[in-house]
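One structure is given below, encoded as structure tokens.
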Amino acid sequence: MSPRGNVKAHITDWLKGLPALKNPGILNSNVKPTLPRSMILPQIHYPKYEEIEDPNMIKAHVPDLIRPYKGLKDVLENNRKWANADSLREIKFFETLNKGQEPKLFWIGCSDSRVVPETITQLGFGQIFVHRNIANQFDANDFNCMSELEFAVHYIKVEHIIVCGHTQCAGVMNACKDHLSPNLKAWLSDIRRVKDKYPELFPDPMIESSMPQSEKDKLHRRLVEINVSNQVSKIASNEVVQEAWKDKKRKLAIHGWVFNIKKGHLEDIGVTIGKQ
Ligand SMILES: [Zn+2]
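Residue 54 is where the sequence shown starts when you use the numbering used here, and the numbers rise one by one after that.
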């Protein structure tokens with residue numbers, strides 16, 4: 054077997070050994086807590102560098118989720134190994150990237166390090182035009198938001214704009230806290246205004262501290278959805294989008310999604326506006 058064949062066989066065997074990949078249900082929260090911890094959290098064996106014949110080869114295949122940060126030197130080395138992988142060179146991957154981009158999706162998401170658009174959608178390079186900020190806001194007074202919207206809609210001509218919030222969003226959770234810095238207070242003002250319309254989502258701290266976690270999670274989830282829905286409405290009424298919609302043939306829809314971190318699921322909250 055060729056060296057590459059060996060590596061492929063090695064990876065295949067390794068992946069077969071991951072119970073969570075073969076049967077995602079094993080990580081389901083319904084698993085009874087009385088089960089031994091080893092059955093809930095499968096023992097994953099990560100191949101060490103020394104065990105792999107061609108490290109460059111496997112760096113292009115191993116899922117991102119297993120790579121911890123070990124310092125900037127390591128980050129640059131990771132990049133070189135990835136970029137020099139035979140599998141990418143053979144298909145002239147970078148030559149293709151160099152030709153340009155025609156993404157159909159414009160993603161407005163949170164800056165949270167756990168919500169990585171390309172990874173959770175399993176789309177590749179050149180497929181998503183991305184804007185991220187704290188708590189996935191769209192602010193028409195922000196040059197960054199507006200220039201990206203204009204570029205995405207008028208020049209790239211994307212067909213879908215996705216506002217993606219997520220559970221466990223610190224930006225949303227802390228938007229109404231008094232201790233916020235002036236910049237954060239200003240940036241999250243849109244969420245702060247939600248409090249006037251939905252006071253029930255902001256219980257008194259004393260009451261909140263005695264609430265079961267499941268109830269707190271429900272309130273947070275609802276606030277995350279309202280925040281996403283508000284951003285979708287603002288984008289739909291923005292002049293850039295309105296101008297694009299004057300062309301009756303133009304496909305352009307705005308969607309609201311939530312990434313459920315606990316499950317890993319992207320969930321459509323059903324607030325789509327526009328032609329799909
Ligand atoms: Zn967030």
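Glycine included, C-beta positions come from ideal geometry on N, C-alpha and C.
About 20 Å separates the beta carbon of T220 from that of H184, a gap too long to meet the 8 Å contact definition.
For F196, no beta strand (DSSP E) encloses it; the enclosing alpha helix (DSSP H) starts and ends at F196 to E203. Non-local beta-carbon contacts of L176 in its own chain, meaning distances under 8 Å to residues more than five positions away in sequence, involve L158 and P170 in chain order.
In the three-state DSSP reduction, K123 falls in the coil class, being neither helix nor strand. With fewer than 16 other Cβ atoms from the protein chains shown falling within 10 Å of its own Cβ, N132 counts as exposed.
E320 sits in a strand when the DSSP states are folded into three classes. Taking the Cα of F178 as reference, the smallest distance to any Cα among K152, Q190 and D192 is reached at K152. Around the C-beta of V128, fewer than 16 other C-beta atoms lie within 10 Å, and the residue is accordingly described as exposed. Less than 8 Å separates the beta-carbon of W310 from that of I215.
In this structure, DSSP gives H232 a state outside helix and strand, which the three-state scheme calls coil.
Taking a C-beta distance under 8 Å as the contact criterion, V324 and S267 do not qualify as a contact pair.
Between the segment 196-213 and the segment 223-242 there are fewer than three inter-stretch CB-CB distances shorter than 8 Å, so the stretches are not counted as touching.
By a beta-carbon distance limit of 8 Å, L305 does not contact E203. Their separation comes to about 13 Å. Of all alpha-carbon atoms in D139, S200, R142 and S166, the one lying nearest the alpha-carbon of Y122 is that of S166.
The continuous alpha helix (DSSP H) containing K269 extends over residues Q266 to A289.
Beta-bridge annotation (DSSP): I161 is paired with H184 and V216.
By the beta-carbon neighbour count (other beta carbons within 10 angstroms, threshold 16), L150 is exposed. Between the C-alpha atoms of K302 and T174 there is a straight-line separation of about 27 Å. Under DSSP, H308 shares a beta bridge with I215. By alpha-carbon distance to K287, the top candidate from F182, I187, D243 and S200 is D243.
For I260, the three-state secondary structure derived from DSSP is helix. In summary, G162 is buried, with 16 or more beta-carbon neighbours lying within 10 Å of its beta-carbon over all protein chains present.
Sorting I279, V206 and N236 by C-alpha distance to the C-alpha of C217 places I279 at the top. Taking 8 Å as the cut-off, the Cβ atoms of V206 and V294 count as close.
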